[in-house]
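Worksheet: one structure, shown below.
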Amino acid sequence: MLPWLAHGHISPFFELAKRLTAHCSFQIYLCLTPVNLDHLKNKTLPPFIQLVDLHLPSSFHKTLPPNSHTTKNLPPHLMPTLKSAFDQTEPAFSQILNSLRPDLLIYDFLMPWAPRAAARELGIKSVVFITGGAACHSFVTHYIAHPPETQFPFRNLDIESGDDQGSRLSNKDRYFQCLKSSSEIVLIKTFREIEGKYVDYFSKLLVKEVVTVGGLVREPEGKTGDSDIINWLDQRDHSSPPVVFVSFGTEYFLSREEMMEVAKGLERNKDLNFIWVVRFPEGAEKEKNFSLPEGFLERVEGRGLVVEGWAPQAKILQHERVSGFVSHCGWSSVLEGIVYGVRIVAMPMQLDQPWDAKLVEEIGVGKEVRRRKSDGGIDGEEMGKVIDEVLRNEEMKGRVRELSEKLQGKGDAELVAAADRLWSLIF
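Under the numbering used here, the first residue of the sequence shown is numbered 23, with each subsequent residue one higher.
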């Protein structure tokens, strides 16, 4: 397995690896840079998963030292350097292939050199694993495969014109090449119950089978310091106001103005408890008080818990007192919210998140917070109104609960079927 060097990609690959070894007799080699492997080494590894160091070329170490061989906390101006360095690991990856001699490669998108190396060195098949949703990926692929004037068939998700989309996707040729290089099938992290029509359209565009593996929602895990958060939740009895969990992911940092607006939205709702995870770029942790409105922490004391850096998201969403999730709509977060039966207040920030937010509305499990028309910024007043609306919506509550029960009830059925399909490629 070869994922891209971002937490939002590594985590689904790791979950897929764990489930493949649990349900089927796969031996998995997970290739990553050492700084990313260090994080996984802190976890309990199943016996049939082996971590393999993939070193970026030493020629990049001056501008990109080994502790920066990850997207986590990487300054935006160094992202192109990281991508370029990763592209140049093909010789090192080829050596790994020759040493391990696997029967199949599962790779991430935007790395067309990986399946090329697998075919050249060992003559084995390769399968791309898409860690995002089918709605977004079918939309993007549609505008690669068709002229800009050809409308996407699902109009509620057509966020922008084909011209706009084509100009935004600077890596469209690499992306499409990765999809086309996948042997017979494409794996995708989603449920058919949520995105069935988009999965089918994606398959039609690619002229190959798109195989869902389920949501790969991770089990809640403990970590030093999370007991205080869970204890705080346990203290909210059924007569207390509902609790909303607020988090914008591990790799997006709110600006000071955005934090001010989010704080305004949370403070507006007096009959609301909340847990808000705030994150700052590396070296900027001391900015919390500067970034929040003066006196905010004092005014929300008792009903609001502001946590710096990390919180046990799965544990929080699973807690019976949590009724809403203010989310950036990263795909893994959307799936966790749905699987744990929590309504979503969608506040997309970047990448595939606007499409994920539209999907949340389409399937009836949440509502998007509209941005200011004047400058596209976050509107705290609007955010507060949407939180109120979502928490009062009984139909939405029933819909997300219905989906949660259905998805939890099926377990890893899609994953097991996908594993059988992978076996068919090998033998």
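The beta carbon of each residue, even a glycine, is placed where N, CA and C say it ideally should be.
Residue i in three-state terms, based on DSSP
i, result
"S396", "coil"
"S349", "strand"
"L119", "helix"
"S148", "strand"
"F296", "strand"
"Q199", "helix"
"R142", "helix"
"Y362", "coil"
"I50", "strand"
"E231", "strand"
"S269", "strand"
"K389", "strand"
"E316", "coil"
"Y274", "coil"
"L28", "In the sequence as displayed, the identity of residue 28 is Ala instead of Leu. A28: coil per DSSP, three-state reduction."
"L357", "helix"
"F82", "helix"
"L373", "coil"
Backbone CA spacing between residue i and residue j [nearest angstrom]
i, j, result
"T43", "L327", "39 Å"
"D401", "D442", "48 Å"
"F36", "V233", "18 Å"
"Y197", "L78", "21 Å"
"K407", "D378", "21 Å"
"F449", "A440", "15 Å"
"S189", "E112", "Summary for S189: the model assigns pLDDT 44, below 50, so the residue's position carries little reliability, and this model does not support an answer."
"D75", "P56", "6 Å"
"R365", "V322", "23 Å"
"F213", "E320", "43 Å"
"N415", "I252", "26 Å"
"A368", "V412", "10 Å"
"E316", "E273", "26 Å"
"G30", "S354", "7 Å"
"G324", "R258", "10 Å"
"K432", "L425", "11 Å"
"L73", "I118", "12 Å"
"V348", "L339", "11 Å"
"A435", "W254", "35 Å"
"L122", "K389", "47 Å"
"H99", "S90", "13 Å"
"P34", "E427", "22 Å"
"L126", "R278", "46 Å"
"S80", "C46", "38 Å"
"G184", "F161", "Its pLDDT being 42, under 50, G184 is placed unreliably by the model, and nothing is read from it."
"N58", "I32", "8 Å"
"Q187", "V221", "Low per-residue confidence applies at Q187: pLDDT is 47, beneath 50, and the placement is therefore not dependable, though the value from the model is reported in the following sentence. One C-alpha to the other measures close to 20 Å."
"D109", "L276", "30 Å"
"I360", "K84", "43 Å"
"K419", "P102", "42 Å"
"Y362", "D256", "17 Å"
"L287", "K337", "It is Gly, not Leu, that sits at residue 287 in the sequence shown. Distance between the alpha carbons of G287 and K337: 24 Å."
"L444", "E289", "50 Å"
Contact belief for residue i with residue j at Cβ below 8 Å, rounded distance in angstroms
i, j, result
"Y129", "P175", "Contact flag wrong, Cβ pair sits at about 29 Å."
"L24", "A114", "Contact flag wrong, Cβ pair sits at about 11 Å."
"V268", "V229", "Actually they are not in contact, since the Cβ atoms of V268 and V229 sit about 42 Å apart, beyond 8 Å."
"T93", "A39", "The pair is not a contact, with the Cβ atoms about 20 Å apart (cut-off 8 Å)."
"N178", "E384", "6 Å"
"G218", "L437", "At roughly 17 Å, the Cβ-Cβ gap does not stay under 8 Å, so G218 and L437 are not in contact."
"R421", "G386", "4 Å"
Nearest neighbour of residue i, chosen from the options [CA to CA]
i, options, result
"W26", "P134, H341 and Q173", "P134"
"L227", "S33, D250, D248 and K202", "K202"
"I409", "S354, V344 and H83", "V344"
"Q49", "S33, P34 and P68", "P68"
"D248", "P334, P170 and R301", "P334"
"G331", "A285, N95, S396 and V356", "N95"
"G398", "Q199, Y51, R123 and E280", "E280"
"E403", "A285, Y220 and S106", "A285"
"L132", "K194, G352, Q430 and A139", "K194"
"Y51", "G420, R41 and F70", "F70"
"H350", "M405, G363, E342 and H341", "M405"
"R142", "R394, S116 and L288", "S116"
"L54", "F82, E283, P88 and H83", "P88"
"M282", "P170, K105, S396 and F318", "F318"
"K450", "Q173, P124 and R41", "Not covered by the structure: residue 450. The range shown for the chain is 23 to 449."
"G145", "Y165, H164 and P124", "P124"
"L447", "E231, T103, S106 and G271", "E231"
Cβ-heavy atom distance, residue i to the ligand ZN, below 7 Å
i, result
"K147", "Absence of the ligand ZN from the depicted structure is noted, as is the absence of any ligand whatsoever, leaving it without description."
Using 8 Å as the cut-off, can you tell me whether the stretch 149 to 167 makes contact with the stretch 368 to 377, which would need three or more C-beta pairs spanning the two stretches below that distance? Enough Cβ pairs lie closer than 8 Å, so yes.
At a cut of 8 Å, does the stretch 45 to 64 reach the stretch 225 to 241 through at least three beta carbon pairs? The stretch 45 to 64 vs the stretch 225 to 241: no contact.
Are the stretch 145 to 154 and the stretch 204 to 218 in contact at 8 Å, needing three or more beta carbon pairs? Contact between the stretch 145 to 154 and the stretch 204 to 218 is established, with three or more Cβ pairs separated by less than 8 Å.
Meets three-Cβ-pair contact criterion under 8 Å: the stretch 283 to 294 and the stretch 251 to 267: Yes, the stretch 283 to 294 is in contact with the stretch 251 to 267.
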